[in-house]
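Q: Handing you this structure, nothing more for now.
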Amino acid sequence: MCGIAGLIHRGKSSKVGHELQGMLQALKHRGEDSTGYALYGDTEGKNFIMRVKVGENVGEGSSSIAEDVSVYDERKKNVESYLSELGAKIVKEERVLPYSLRYEVEYNKKDLLEFSQKIESIPGVEILSMGKSLEVIKDLGNAKMVCDRYNLDKVVGTHAIGHARMATESGVDIKSAHPFWGYPFSDVSVVHNGQLTNYWNNRRALESKGMRFMSECDSELIAVYIAEKMRDGASLEEGMKESLTGLDGVFTYFVATKDSLGMAKDTMAAKPLVLYESDDLVAMGSEEIAIRSILPQEIDTYDPFDGEVKVWQI
Amino acid sequence: MANLKDTEKKTKSQAMGMHTEVLTGRTQQKFFNPDEAENFYYFGTYDVDFNKRTDLDVKDMTAADANKKIDSLMSEGYGTIVIKNPQGKHSLGVGILNKLNLIFEGSLGYFGMGSCDGPIVRINGRVGWSCAENLMAGKVVIEKNAGSCFGAAIRGGDLICKGSVGARTGIDMKGGTIIIGGDAGAFTGFMMQRGRIIILGDVGINLGDSMYDGTIFVGGEIGSYGSDAVDAELTKSDQDWLKRKLKVAEIGENFDVSKMKKIVAGKKLWNYDNLEPTEKKGAI
Chain W
2 MCGIAGLIHR
12 GKSSKVGHEL
22 QGMLQALKHR
32 GEDSTGYALY
42 GDTEGKNFIM
52 RVKVGENVGE
62 GSSSIAEDVS
72 VYDERKKNVE
82 SYLSELGAKI
92 VKEERVLPYS
102 LRYEVEYNKK
112 DLLEFSQKIE
122 SIPGVEILSM
132 GKSLEVIKDL
142 GNAKMVCDRY
152 NLDKVVGTHA
162 IGHARMATES
172 GVDIKSAHPF
182 WGYPFSDVSV
192 VHNGQLTNYW
202 NNRRALESKG
212 MRFMSECDSE
222 LIAVYIAEKM
232 RDGASLEEGM
242 KESLTGLDGV
252 FTYFVATKDS
262 LGMAKDTMAA
272 KPLVLYESDD
282 LVAMGSEEIA
292 IRSILPQEID
302 TYDPFDGEVK
312 VWQI
Chain F
1004 MANLKDTEKK
1014 TKSQAMGMHT
1024 EVLTGRTQQK
1034 FFNPDEAENF
1044 YYFGTYDVDF
1054 NKRTDLDVKD
1064 MTAADANKKI
1074 DSLMSEGYGT
1084 IVIKNPQGKH
1094 SLGVGILNKL
1104 NLIFEGSLGY
1114 FGMGSCDGPI
1124 VRINGRVGWS
1134 CAENLMAGKV
1144 VIEKNAGSCF
1154 GAAIRGGDLI
1164 CKGSVGARTG
1174 IDMKGGTIII
1184 GGDAGAFTGF
1194 MMQRGRIIIL
1204 GDVGINLGDS
1214 MYDGTIFVGG
1224 EIGSYGSDAV
1234 DAELTKSDQD
1244 WLKRKLKVAE
1254 IGENFDVSKM
1264 KKIVAGKKLW
1274 NYDNLEPTEK
1284 KGAI
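In order, the protein sequences belong to chains W and F. For the first sequence, this note's numbering gives the first residue as 2, with consecutive numbering after it. For the second sequence, this note's numbering gives the first residue as 1004, with consecutive numbering after it.
The structure is reproduced here in structure tokens:
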């Protein structure tokens, strides 16, 4: 059991970091092994923001093996060296935690595949997100712990999706935590609640087409599946609709891009989702209490039906 | 309890002519007996006065504390309780085995009004998954929408949602009536065993999948039929019952019930064997 939440402000910005923290904290009983945020800034900047991890959090019930901080330092040095080789200029860098890095980089090529492959060729390095408005922040612990650790409370943006995880089929570590970046597409992220039963069949097929997997978490498949459809020219909504038959199992998931947020529910409607829609805000979560954390007044909410796909624009 | 060995000895209810069958064989059935007064009361129920009314704000209470407080108010004789600020909390109003008018001014989360027997409940909001699961008797009215597994395994009572409901409505239900004013999701009536479901709007795929018995009435479009769910003739008696039920439920009173579809179990999936293992040996 995991919890997912998302919101999109239409026509305005808000403190989405604070709002999503409240929604995910309300769902912490659904899992607090790890919590992740995909936050979308309110304006598309000129530069890319790259969130990278050079190691794992080995505290708080982690299933990862401890490494010396000097290993992280070495990986960081390699990342910066590779950025230079790729022609990416570091405008700003921030080492939030010993294993967690944030870079603002000037990079003029549109195709991020070569870029990502180069950076991730460094053992132990994973790009958590790459985009001009997206930042994926994920770590072990509940929503408040992660929010405080990364100072997300003041982040202003238009939309966000997040995930409170109860680890089941893969480890308690950051690499298995959600959201997943829609590699190698700028500003695409995914969160998922459920289980996919044709994970390996799909994974093998997608890997043979050159798509990359970083974990063994079945939810990562959704990000890769949608990314591959978009690579072939499908729109976000078309890709999501195809997933209803291409993915087997029970699922509710959200996908966000720089200007939209979508939800999909499997054809058996086996996983929960509650939705609130108004002209200026759409909020959704695994349980109503997530929405109530930002809208305590009486509002009209509903459950989407089986096989339903919806996409909203900012 | 009826004496299985000595059918000459009648219980008082038999003497009153309330039932006439003579029990033979292995069937065990407990008949109504007015002498056994203790059977008519649950432990821990209260005499309440419906005119004695109070408000309870649960904004800063846990569900457990709120439910204890409802119990405490009933013990003080309050028969009408208005719950303020439920704010989507889970498990509110569960396990009420009492006559009570309960009004929620807002929405409930999961498992609201579960395992209840007797209260009359109005929820002026939405409910999450598994509302009124295992309802035995009483009436629960939801003014807005409801989540999945609405009325799972209910045994009796009326469960009414004026809006739309999610998937698996009435799953495993064993009695009672569920009435939906709007649409219903996939697998409505999944494995239902008795009781009736009325849906005025459309319904999703696999309607009545693997239903053992019971009846489903649909006013709108059906996504698809589940295994062993089949159409049946809508009789005059059905229509009269639907009209009465919709009127009592304060929902769709003017709905044209004559165009509703009636779905029942085809009973092709039944693979029950009424013989006990010892009897099977005898048959062989």
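Ideal Cβ placement from N, Cα and C applies to all residues, glycine included. This structure is a prediction, so every number in the text was calculated from the model and none was measured.
Using DSSP with H/G/I as helix, E/B as strand and the rest coil, what is D1060/F?
A: Taking the second sequence and counting its residues from 1, one reaches residue 1060/F at position 57. Residue state, collapsed to three classes: strand.
Q: Let me check understanding here. Comparing Cα to Cα, which of G263/W, K145/W, R213/W, S117/W lies closest to V80/W?
A: In the first sequence, counting from the first residue as 1, residue 80/W sits at position 79. For V80/W, the closest alpha carbon among the candidates G263/W, K145/W, R213/W, S117/W is that of S117/W.
Q: Mind pulling the beta strand (DSSP E) runs of 3 or more residues that sit fully within the stretch 136-178 of chain W?
A: 158-166
Q: I need the straight-line Cα distance from F306/W to Y277/W, nearest angstrom please.
A: In the first sequence, counting from the first residue as 1, residue 306/W sits at position 305. In the first sequence, counting from the first residue as 1, residue 277/W sits at position 276. In a straight line, the C-alpha of F306/W is about 14 Å away from that of Y277/W.
Q: Hey, would you say L1245/F sits closer than 9 Å to V1260/F, going by beta carbons?
A: Walking along the second sequence from the start, residue 1245/F turns up at place 242. Walking along the second sequence from the start, residue 1260/F turns up at place 257. Yes; because the gap between Cβ atoms is below 9 Å, this pair is in contact.
Q: Look at the alpha carbon of G1217/F and the alpha carbon of G1121/F, and state the distance between them as a whole number of angstroms.
A: The residue given as residue 1217/F occupies position 214 in the second sequence. The residue given as residue 1121/F occupies position 118 in the second sequence. For G1217/F and G1121/F, the distance between alpha carbons rounds to 22 Å.
Q: Is the beta carbon of L1203/F sitting closer than 9 Å to the one on G1185/F?
A: What you label residue 1203/F is simply residue 200 of the second sequence in a count that begins at 1. What you label residue 1185/F is simply residue 182 of the second sequence in a count that begins at 1. Cβ distance < 9 Å, so L1203/F and G1185/F count as in contact.
Q: When you compare only the Cα positions, how much space is there between G1109/F and V1061/F?
A: The residue labelled residue 1109/F in the question sits at position 106 within the second sequence. The residue labelled residue 1061/F in the question sits at position 58 within the second sequence. So the two alpha carbons sit approximately 11 Å from each other.
Q: Under 9 Å, do R1056/F and G1082/F count as touching if we go by C-beta distance?
A: Your numbering for residue 1056/F matches position 53 in the second sequence. Your numbering for residue 1082/F matches position 79 in the second sequence. Taking 9 Å as the Cβ cut-off, R1056/F and G1082/F qualify as a contacting pair.
Q: Straight-line CA distance for I1099/F to K242/W?
A: Counting from 1 along the second sequence, the entry for residue 1099/F is found at position 96. Counting from 1 along the first sequence, the entry for residue 242/W is found at position 241. Approximately 43 Å, taken between the alpha carbons.
Q: Name the DSSP bridge partner or partners of C1164/F?
A: Within the second sequence, the letter at position 161 stands for residue 1164/F. In the DSSP output, where bridge partners are listed per residue, C1164/F has I1145/F, I1183/F.
Q: For chain F, check one thing: does any of its Cβ atoms lie closer than 9 Å to the Cβ of Y254/W?
A: As a first step, residue 254/W is located in the first sequence; it is residue number 253 there, counting from the start. So no, Y254/W is outside the interface.
Q: Start and end of the beta strand (DSSP E) containing G1091/F?
A: Taking the first residue of the second sequence as position 1, residue 1091/F is located at position 88. Where G1091/F is concerned, there is no enclosing beta strand (DSSP E), given that its DSSP letter is neither H nor E.
Q: Mind pulling the beta strand (DSSP E) runs of 3 or more residues that sit fully within the stretch 236-292 of chain W?
A: 250-258, 261-266, 275-278, 282-286
Q: What residue does the beta strand (DSSP E) around K311/W start on, and which one ends it?
A: Residue numbering aside, residue 311/W sits at position 310 when the first sequence is read from its first letter. Residues 310-314.
Q: Is K1264/F helix, strand or coil when you go by DSSP?
A: Walking along the second sequence from the start, residue 1264/F turns up at place 261. In this structure, K1264/F counts as strand in the three-state DSSP scheme.
Q: Any idea if K1270/F is buried or exposed, counting beta-carbon neighbours within 10 angstroms, 16 or more meaning buried?
A: In the second sequence, counting from the first residue as 1, residue 1270/F sits at position 267. Burial call: exposed.
Q: Going by other Cβ atoms of all chains shown within 10 Å of its Cβ, with 16 needed for buried, is H10/W buried or exposed?
A: As a working mapping, residue 10/W is identified with position 9 in the first sequence. Buried, because 16 or more other Cβ atoms sit within 10 Å of the Cβ of H10/W.
Q: When the Cα of K176/W is compared with those of S65/W, E61/W, L21/W, which residue comes out closest?
A: As a position in the first sequence, residue 176/W is number 175, starting the count at 1. Closest by alpha carbon: S65/W.
Q: Using a beta-carbon distance below 9 Å, is E33/W in contact with chain F?
A: The residue you call residue 33/W lines up with position 32 of the first sequence. In terms of beta-carbon proximity, E33/W stays away from the interface with chain F, with every pair separated by 9 Å or more.
Q: Taking the C-alpha atoms as reference points, what is the distance between A1232/F and I1225/F?
A: Residue 1232/F sits at position 229 when you count from the first residue of the second sequence. Residue 1225/F sits at position 222 when you count from the first residue of the second sequence. Each residue's alpha carbon lies about 12 Å from the other.
Q: Does the beta carbon of K1271/F come closer than 9 Å to any beta carbon on chain W?
A: On the second sequence, position 268 is the one that residue 1271/F refers to. Chain W contact via Cβ: absent.
Q: Are E309/W and K266/W touching if we call contact CB-CB under 9 Å?
A: Start at 1 with the first residue of the first sequence, and residue 309/W comes out as number 308. Start at 1 with the first residue of the first sequence, and residue 266/W comes out as number 265. Yes, the Cβ-Cβ distance between E309/W and K266/W is below 9 Å.
Q: What are the residues of the stretch 264-298 of chain W that lie near chain F, defined by any Cβ-Cβ distance shorter than 8 Å?
A: T268, M269, A270, A271, P273, V275, E288, E289, I290, I292, R293, P297
Q: Under 9 Å between beta-carbons, which chain W residues line up against K1177/F? List them in chain order, please.
A: By one-based count along the second sequence, residue 1177/F stands at place 174. Simply none; closest approach about 22 Å.
Q: If we define contact as Cβ-Cβ less than 9 Å, is T1030/F a contact residue for chain W?
A: Residue mapping note: residue 1030/F aligns to position 27 of the second sequence, counting from 1. Reliability fails at T1030/F, whose pLDDT of 48 lies under 50, so the model's placement of it is uncertain and the value that follows must be treated cautiously. Chain W contact via Cβ: absent.
Q: Consider the Cβ of V1168/F: report whether some Cβ of chain W lies at a distance smaller than 9 Å.
A: Along the second sequence, one-based indexing puts residue 1168/F at 165. Yes - at least one Cβ of chain W is within 9 Å of the one on V1168/F.
Q: State the CB to CB distance for the pair A235/W and W182/W, rounded to an integer number of angstroms; the pair is presumed to be in contact (CB under 8 Å).
A: Working through the first sequence from its first residue, we reach residue 235/W at position 234. Working through the first sequence from its first residue, we reach residue 182/W at position 181. Rounded, the Cβ-Cβ distance is 18 Å, inconsistent with contact.
Q: Determine, using beta-carbon pairs with one atom in the stretch 108-122 of chain W and one in the stretch 134-142 of chain W, whether at least three such pairs fall under 8 Å.
A: Counting Cβ pairs under 8 Å, fewer than three are found: no touch.
Q: Measure from the C-beta of A1149/F to each C-beta in chain W and report whether the shortest distance is under 9 Å.
A: Counting from 1 along the second sequence, the entry for residue 1149/F is found at position 146. For A1149/F, the answer is yes, since a Cβ of chain W falls inside 9 Å of its Cβ.
Q: Using a cut-off of 9 Å between C-beta atoms, extract the partners of T330/W located in chain F.
A: With chain W running from 2 to 315 in the structure shown, residue 330/W is simply not present.
Q: Does DSSP classify D59/W as helix, strand or coil?
A: Stepping through the first sequence from its first residue, residue 59/W is reached at position 58. A small fix is needed here, since residue 59/W is Val in this sequence, not Asp. In this structure, V59/W counts as coil in the three-state DSSP scheme.
Q: Does the distance from the CB of A1170/F to the CB of A291/W come in under 9 Å?
A: On the second sequence, position 167 is the one that residue 1170/F refers to. On the first sequence, position 290 is the one that residue 291/W refers to. Contact: no.
Q: To the nearest angstrom, how far is it from the Cα of K1142/F to the Cα of K47/W?
A: As a first step, residue 1142/F must be located in the second sequence, where it is residue number 139. As a first step, residue 47/W must be located in the first sequence, where it is residue number 46. When rounded, the distance between both Cα atoms is 60 Å.
Q: Do you know how far the Cα of P273/W is from the Cα of S287/W?
A: Translated into positions along the first sequence, residue 287/W becomes position 286. Translated into positions along the first sequence, residue 273/W becomes position 272. Cα-Cα distance, rounded: 5 Å.
Q: For R1125/F, go through chain B and note every residue whose CB falls closer than 9 Å to its CB, in chain order.
A: Annotation note: the requested chain B is absent from the structure, which comprises protein chains W and F.
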